[in-house]
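Position one of the sequence shown corresponds to residue 3 (my numbering), numbered consecutively onward. Data block below; observations after.
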Amino acid sequence: MYTLIYRLYFHLKQRARKDRDKGRQPSGMVQKALSYCEWFYNIPLARWYEKFPSRRSGVTSRKRRQKIIVSLTTYPKRIGTIWLTIETLLRQSMKPDEVILWLADTQFPNGLADLPEKLLRLRERGLTIRFCEDLRSHKKYYHALVEYPHDLVVLADDDMFYPGDTIRKLMEMHRKWPEDICCMTAQVIEPDLHTLPSRWRNPRLDEHTLQHSDRIQAFTGSGTLIPPQALHADAFDRDRIRALCLHADDLWVTFMALRKGTKITTSRNWRPFPISIYGTAEGSLYYINAEGNQNDVQWKNLLDNYDI
């Protein structure tokens with residue numbers, strides 16, 4: 003049921019996108035069906051997860067030579083719902099070697115005692131919880147890439163139900179383009195890298211040229227795989243992160259990849275963002291960056307301070 007509903011959701015999203023590309027609003031039936039898909043994950047499925055918790059391990063028992071490390075972060079406002087996201091990451095068709103949740107030690111001063119039981123019990127199935135320095139959303143990639151420099155790091159956000167094929171799809175792209183950053187969703191940077199993000203565009207539905215490209219911005223939270231040594235060394239300059247691009251880890255990762263000469267690959271057929279968890283949109287980085295025009299400000303900061 004989980005997979006079938008997600009297939010329907012993606013189909014409906016693509017149909018709605020076609021309508022909008024033609025200058026018309028999606029039909030009421032399509033919009034209602036999309037709302038139903040979102041309701042299914044947020045209400046009956048979430049209750050099922052809570053009432054009948056799985057005992058199956060969400061990480062592989064046969065460890066790989068090069069590990070797949072799923073890495074994500076959150077903050078106090080979402081600590082009560084992130085267990086739903088992690089539940090979907092522990093139910094992937096291709097199991098990772100580790101799933102690590104990075105939490106700022108200043109935001110959770112009492113450590114594990116500050117965390118809800120629904121989150122803590124996921125440790126029995128493979129979740130690792132680590133406390134670290136606060137780098138806002140950059141915690142999602144920063145500490146994992148530093149501590150696992152030879153492994154594959156898969157990034158996820160804290161407000162989504164992930165499709166069960168996310169890791170498998172990323173690995174399929176990685177096998178074809180092993181040195182690329184691979185992502186499920188992206189934007190196209192046009193006409194050049196000096197164009198501000200407010201002018202970038204979504205991939206066209208029929209566009210098949212988004213493989214091994216230096217004109218793509220990765221949306222890290224939709225599911226993104228970073229191979230070893232993919233980012234410029236400056237990516238780990240914490241003072242520069244705070245000064246130039248604190249609220250936009252997507253832009254920072256993309257910029258530092260392109261600065262290193264790393265190409266980015268995304269899904270050949272446009273794939274929408276995963277379904278969001280109810281109540282997580284308010285205060286999200288989307289409203290700070292895209293709606294508040296801070297993406298343009300931060301990208302300009304990067305262009306003004308680095309050569310690319």
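Think of the CB as a built atom: it goes at the ideal place given N, C-alpha and C, for glycine as much as any other residue. Predicted model only: the values in this text are computed from it and were never measured.
Quick one: is residue 61 buried, meaning 16 or more other Cβ sit within 10 Å of its Cβ, or exposed?
Here residue 61 refers to the residue found at position 59 of the sequence shown. Under this definition residue 61 is a buried residue.
Run through the segment 74-116 for me and flag every whole alpha helix (DSSP H) of 4 or more residues, listed as ranges in chain order.
84-91
Counting pairs of beta carbons, one from the segment 159-175 and one from the segment 74-83, are three or more of them closer than 8 Å?
yes
Can you grab the Cα-Cα spacing for the pair residue 237 / residue 155, in whole Å?
Start at 1 with the first residue of the sequence shown, and residue 237 comes out as number 235. Start at 1 with the first residue of the sequence shown, and residue 155 comes out as number 153. Each residue's Cα considered, the two are about 15 Å apart.
Output the boundary residues of the alpha helix (DSSP H) element that contains residue 14.
For this step, residue 14 is matched to residue 12 along the sequence shown. It spans 4-23 - the alpha helix (DSSP H) in which residue 14 sits, taken as one unbroken run.
List the endpoints of the continuous alpha helix (DSSP H) containing residue 219.
Residue numbering aside, residue 219 sits at position 217 when the sequence shown is read from its first letter. First-last for residue 219: 218-220, but that is the beta strand (DSSP E), not the alpha helix (DSSP H).
With residue 39 as the anchor, note down where its beta strand (DSSP E) starts and where it stops.
As a first step, residue 39 must be located in the sequence shown, where it is residue number 37. Looking at the DSSP string, residue 39 is not in any beta strand (DSSP E); the run it does join, the alpha helix (DSSP H), is 30-42.
Hey, how far is the Cα of residue 63 from the Cα of residue 98?
Counted from its first residue, the sequence shown places residue 63 at position 61. Counted from its first residue, the sequence shown places residue 98 at position 96. Residue 63 and residue 98: Cα-Cα distance of roughly 9 Å.
When you compare the segment 220-227 with the segment 259-277, are there three or more beta-carbon pairs, one atom per stretch, that lie closer than 8 Å?
yes
Could you spell out where the beta strand (DSSP E) holding residue 157 opens and where it closes?
Within the sequence shown, numbered from 1, the residue matching residue 157 stands at position 155. Run containing residue 157: 154-157, per the beta strand (DSSP E) assignment.
What is the DSSP secondary structure of residue 256, counted as helix, strand or coil?
Locating residue 256 in the sequence shown gives position 254, where the first residue counts as 1. The answer is helix: DSSP assigns residue 256 an H, G or I state.
State whether the segment 126-143 contacts the segment 240-256, with contact taken as three or more CB pairs (one from each stretch) at a distance under 8 Å.
yes
Leaving aside the five residues before and after residue 71 along the sequence, list all residues of the same chain whose C-beta is less than 6 Å from its C-beta, in chain order.
As a working note, residue 71 is residue 69 in the sequence shown. Counting only Cβ-Cβ distances below 6 Å, and skipping sequence neighbours, we find 100, 146, 150, 153 and 155.
May I ask which residues mark the beginning and end of the alpha helix (DSSP H) holding residue 240?
What you label residue 240 is simply residue 238 of the sequence shown in a count that begins at 1. That run of the alpha helix (DSSP H) goes 240-246.
Flag this pair as yes or no: are the beta carbons of residue 202 and residue 213 separated by less than 7 Å?
As a first step, residue 202 must be located in the sequence shown, where it is residue number 200. As a first step, residue 213 must be located in the sequence shown, where it is residue number 211. Contact: no.
Closer than 6 Å by C-beta to residue 289: which residues in its own chain qualify, once you throw out the five before and the five after it? Chain order, please.
Counting from 1 along the sequence shown, the entry for residue 289 is found at position 287. Because residue 289 carries a pLDDT of 49, less than 50, the predicted location of this residue cannot be relied on, and no value is offered for it.
Integer Cβ distance of residue 183 from residue 232, believed to fall under 8 Å
Locating residue 183 in the sequence shown gives position 181, counting from the first residue. Locating residue 232 in the sequence shown gives position 230, counting from the first residue. With a Cβ gap of about 5 Å, residue 183 and residue 232 count as contacting.
Look up residue 283 in the DSSP assignment and say whether it is helix, strand or coil.
Within the sequence shown, the letter at position 281 stands for residue 283. In this structure, residue 283 counts as coil in the three-state DSSP scheme.
Measure the alpha-carbon distance for residue 89 versus residue 41 and round it to whole angstroms.
Here residue 89 is taken as the residue at index 87 of the sequence shown, counted from 1. Here residue 41 is taken as the residue at index 39 of the sequence shown, counted from 1. Between residue 89 and residue 41, the C-alpha separation is close to 17 Å.
Going by beta-carbon coordinates alone, are residue 86 and residue 48 separated by less than 7 Å?
What you label residue 86 is simply residue 84 of the sequence shown in a count that begins at 1. What you label residue 48 is simply residue 46 of the sequence shown in a count that begins at 1. Against a cut-off of 7 Å, the Cβ pair of residue 48 and residue 86 comes out as a contact.
In terms of residue numbering, what span does the alpha helix (DSSP H) encompassing residue 130 cover?
Working through the sequence shown from its first residue, we reach residue 130 at position 128. Segment 129-134 is the beta strand (DSSP E) holding residue 130; no alpha helix (DSSP H) there.
Around the C-beta of residue 26, are 16 or more other C-beta atoms found within 10 angstroms, so that it is buried, or is it exposed?
As a position in the sequence shown, residue 26 is number 24, starting the count at 1. It is exposed - the Cβ of residue 26 has fewer than 16 other Cβ atoms within 10 Å.
Spatial neighbours of residue 175 in its chain, beta-carbon cut-off 7 Å, leaving aside the 5 residues before and after:
Residue mapping note: residue 175 aligns to position 173 of the sequence shown, counting from 1. Closer than 7 Å at Cβ, skipping near neighbours: 184 and 267.
Does the Cβ-Cβ distance between residue 198 and residue 298 come in under 7 Å?
Counting from one through the sequence shown, the residue named residue 198 turns up at place 196. Counting from one through the sequence shown, the residue named residue 298 turns up at place 296. It is a contact, given that the beta carbons lie within the stated cut-off.
When you compare only the Cα positions, how much space is there between residue 310 and residue 256?
Translated into the one-based positions of the sequence shown, residue 310 becomes position 308. Translated into the one-based positions of the sequence shown, residue 256 becomes position 254. Straight-line Cα distance between these residues: approximately 12 Å.
Considering only residues of the segment 141-202, which uninterrupted beta strand (DSSP E) runs meet the minimum length of 3 residues and lie entirely inside it, listed in chain order?
154-157, 183-185 and 188-190
Where residue 139 falls: helix, strand or coil (DSSP):
Within the sequence shown, residue 139 is the residue found at index 137, counting from 1. Three-state result, residue 139: helix.
Beta-carbon gap between residue 261 and residue 234 smaller than 7 Å
Counting from one through the sequence shown, the residue named residue 261 turns up at place 259. Counting from one through the sequence shown, the residue named residue 234 turns up at place 232. Yes, these two residues count as a Cβ contact at 7 Å.
Where do the N-terminal and C-terminal ends of the beta strand (DSSP E) with residue 227 fall, by residue?
Along the sequence shown, one-based indexing puts residue 227 at 225. 226-228 is the span of the beta strand (DSSP E), which, as asked, contains residue 227.
From which residue to which residue does the alpha helix (DSSP H) around residue 119 run?
For the purposes of this step, residue 119 is taken as the residue at position 117 of the sequence shown. It spans 119-122 - the alpha helix (DSSP H) in which residue 119 sits, taken as one unbroken run.
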